[in-house]
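J.: Sharing a structure below in structure tokens format, with a few things to ask.
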Amino acid sequence: MKKHVFLFLAFIGTVSIFFSCKKSYTPPVDTGFMYGAFIVNEGAYNQNNGSISYIDLDSNYIINNLFSSINGRPLGDVVQSFAVDNDKGLIVVNHSAKVEVVDMKTFVSLGTITGCDYPRYALPVNDNEAWLSNGSQAGKVYVMDLTGMDITDSIDVGYGPEKMVQSDDKIFVANSGGWANDSTVSVIDVNSRKVVKTILTGDNPVNLVTDANGDIWVLCKGKVVYDQNWNVISETDSKLQKISHTTEDIEKSFIIGQKGDYFNPIRLAIGSQGNLLYFAEHDGIYRMSIQDTQVPDAPIIYGKFYGLAVDPASGMIYALDAGNFTGAGILYRYDPHGMLRDSAQAGIAPNDVYFSY
Numbered sequence: 257m258k259k260h261v262f263l264f265l266a267f268i269g270t271v272s273i274f275f276s277c278k279k280s281y282t283p284p285v286d287t288g289f290m291y292g293a294f295i296v297n298e299g300a301y302n303q304n305n306g307s308i309s310y311i312d313l314d315s316n317y318i319i320n321n322l323f324s325s326i327n328g329r330p331l332g333d334v335v336q337s338f339a340v341d342n343d344k345g346l347i348v349v350n351h352s353a354k355v356e357v358v359d360m361k362t363f364v365s366l367g368t369i370t371g372c373d374y375p376r377y378a379l380p381v382n383d384n385e386a387w388l389s390n391g392s393q394a395g396k397v398y399v400m401d402l403t404g405m406d407i408t409d410s411i412d413v414g415y416g417p418e419k420m421v422q423s424d425d426k427i428f429v430a431n432s433g434g435w436a437n438d439s440t441v442s443v444i445d446v447n448s449r450k451v452v453k454t455i456l457t458g459d460n461p462v463n464l465v466t467d468a469n470g471d472i473w474v475l476c477k478g479k480v481v482y483d484q485n486w487n488v489i490s491e492t493d494s495k496l497q498k499i500s501h502t503t504e505d506i507e508k509s510f511i512i513g514q515k516g517d518y519f520n521p522i523r524l525a526i527g528s529q530g531n532l533l534y535f536a537e538h539d540g541i542y543r544m545s546i547q548d549t550q551v552p553d554a555p556i557i558y559g560k561f562y563g564l565a566v567d568p569a570s571g572m573i574y575a576l577d578a579g580n581f582t583g584a585g586i587l588y589r590y591d592p593h594g595m596l597r598d599s600a601q602a603g604i605a606p607n608d609v610y611f612s613y
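Take 257 as the starting number for the sequence shown in this note's numbering and just add one per residue.
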């Protein structure tokens with residue numbers, strides 16, 4: 257199989273070239289940056305150097321620092337996540353307490369939404385409306401109006417809300433505990449904007465995906481209790497659990513990870529057909545079918561990764577290495593069988609990849 261080649265450039269700046277004579281990249285006139293993969297780079301804490309890297313999946317060009325190159329200013333401190341609502345991109349910047357809204361064709365800033373204090377993830381719900389999880393302690397989900405660029409409503413949920421997914425007319429919110437602990441998923445009715453059910457899960461759920469059947473899988477990282485000198489007093493299991501989208505009850509529960517390794521898995525991804533689950537543990541990336549009755553014994557990809565994503569079209573596995581969190585991170589791409597295909601330099605502390613098709 258021919259190996260893909262990644263090309264690196266700084267959009268308006270020096271170009272490094274590998275196996276190609278091309279020295280520039282021009283986005284398609286009709287679509288611009290609307291389609292491709294977007295690497296979320298947190299940046300170094302308190303350094304205001306978080307960024308978004310863009311990958312053109314046809315040419316395999318990578319453009320690092322896309323926002324700042326186009327808008328002429330830093331994106332902010334701790335870029336947490338990215339989402340797309342039609343022709344608008346939503347960049348959630350956690351420590352800067354804002355959501356930058358960009359035009360997906362040009363990546364020019366359309367405005368900044370503030371009024372949040374600990375934003376985590378955005379979820380498009382309706383045209384020009386997206387919901388935002390917020391809160392390191394007692395949490396809220398905010399309703400954002402992407403036309404007026406403001407927050408129009410709030411919904412109380414559990415402690416430290418993180419990832420959200422939509423199934424039919426319900427939004428499922430993982431309450432991670434934030435700086436405390438929680439063990440619930442809040443279920444919100446889209447129309448009434450009310451919490452209609454609270455599901456008891458494993459300790460500190462952080463991530464959610466929806467499978468091919470519409471069922472919701474939740475990754476619970478477990479909790480570690482320390483004394484005043486940061487010695488471990490106790491630790492609970494990490495769990496992977498399936499919530500039925502019809503009964504909204506937990507139907508399956510698996511213990512993942514190992515007590516004593518002090519690594520709480522927080523990355524979960526779903527395969528391109530919606531029937532394979534991927535999660536990152538301390539020794540690598542594991543894969544299991546939604547039909548499996550036990551957790552696999554060994555990872556399909558060995559290594560310690562900070563971020564994980566799966567391309568919904570190709571099934572390629574994207575694994576992200578944050579390095580020392582002060583210099584450039586590395587993106588590794590693996591085929592669906594776990595074979596390394598290529599790698600490329602990303603921004604500082606890459607944590608996720610968003611795919612827009």
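The beta carbon of each residue, even a glycine, is placed where N, CA and C say it ideally should be. Note that the coordinates shown come from a computational prediction; the quantities given were computed from them, not determined experimentally.
Does DSSP put Ile326 in a helix, a strand or coil?
T.: Indexing the sequence shown from 1 puts residue 326 at position 70. Three-state result, Ile326: helix.
J.: Mind checking whether Ile512 and Val480 have CB atoms under 8 Å apart?
T.: What you label residue 512 is simply residue 256 of the sequence shown in a count that begins at 1. What you label residue 480 is simply residue 224 of the sequence shown in a count that begins at 1. Going by C-beta atoms, Ile512 is not nearer than 8 Å to Val480.
J.: Should Ile604 be labelled buried (16 or more other beta-carbon atoms within 10 Å of its own) or exposed?
T.: Residue mapping note: residue 604 aligns to position 348 of the sequence shown, counting from 1. Per the 10 Å Cβ criterion, buried.
J.: Assign Met290 to one of two classes, buried (16 or more other C-beta atoms within 10 Å of its C-beta) or exposed (fewer than that).
T.: Walking along the sequence shown from the start, residue 290 turns up at place 34. Buried, since its Cβ has 16 or more Cβ neighbours within 10 Å.
J.: When you compare the stretch 444–461 with the stretch 423–431, are there three or more beta-carbon pairs, one atom per stretch, that lie closer than 8 Å?
T.: The stretch 444–461 is in contact with the stretch 423–431.
J.: So is Leu456 buried or exposed if we call it buried at 16+ other beta carbons inside 10 Å?
T.: Here residue 456 refers to the residue found at position 200 when the sequence shown is read from its first residue. Looking at its Cβ environment, which holds fewer than 16 other Cβ atoms inside 10 Å, Leu456 is exposed.
J.: What does the Cβ neighbour count give for Met595, buried or exposed, with the cut at 16 atoms within 10 Å?
T.: Here residue 595 corresponds to residue number 339 of the sequence shown, with the count starting at 1. Exposed, by the Cβ-count rule.
J.: Take the Cβ of Ile318 as the centre, count every other Cβ of all protein chains shown within 10 Å, and call the residue buried at 16 or more, exposed below.
T.: If you number the sequence shown from 1, residue 318 lands on position 62. Buried.
J.: Which residue comes first and which comes last in the beta strand (DSSP E) that contains Ile511?
T.: The count along the sequence shown starts at 1 and reaches residue 511 at position 255. Per DSSP, Ile511 belongs to the beta strand (DSSP E) from 506–512.
J.: Residues bridged to Gly292 by DSSP?
T.: In the sequence shown, the residue the question calls residue 292 occupies position 36. Gly292 is bridged to Ser612.
J.: In terms of residues, what are the limits of the beta strand (DSSP E) holding Gly527?
T.: Numbered from its first residue, the sequence shown carries residue 527 at position 271. From DSSP, Gly527 is part of no beta strand (DSSP E); its letter is neither H nor E.
J.: Could you name the residues that DSSP lists as bridge partners for Leu388?
T.: Taking the first residue of the sequence shown as position 1, residue 388 is located at position 132. DSSP, once it has assigned bridges, lists Ala378, Tyr398 as partnering Leu388.
J.: Is there contact here, the stretch 358–366 with the stretch 327–345, by at least three beta-carbon pairs under 8 Å?
T.: In short, these stretches touch, since the Cβ pair count reaches three.
J.: I'd like to confirm the pairing. Which residues does DSSP put opposite Pro417 in its beta bridges?
T.: Position 161 of the sequence shown holds residue 417. According to DSSP, Pro417 bridges with Asn431.
J.: Using the Cα positions of Ile326 and Ile407, report the straight-line distance between them to the nearest angstrom.
T.: For the purposes of this step, residue 326 is taken as residue 70 along the sequence shown, with counting starting at 1. For the purposes of this step, residue 407 is taken as residue 151 along the sequence shown, with counting starting at 1. Cα to Cα, the separation comes out at about 26 Å.
J.: Just the C-alpha distance for Ser432 and Ser365, rounded to the nearest angstrom, thanks.
T.: For the purposes of this step, residue 432 is identified with residue 176 of the sequence shown, where counting begins at 1. For the purposes of this step, residue 365 is identified with residue 109 of the sequence shown, where counting begins at 1. Their backbone Cα atoms lie some 31 Å apart in a straight line.
J.: For Tyr482, which residues in the same chain have their Cβ closer than 8 Å to its Cβ, ignoring the five residues on either side in sequence?
T.: Position 226 of the sequence shown, counted from the first residue, corresponds to residue 482. For Tyr482, where only same-chain residues beyond five positions count, the Cβ hits under 8 Å are Val488, Ile489.
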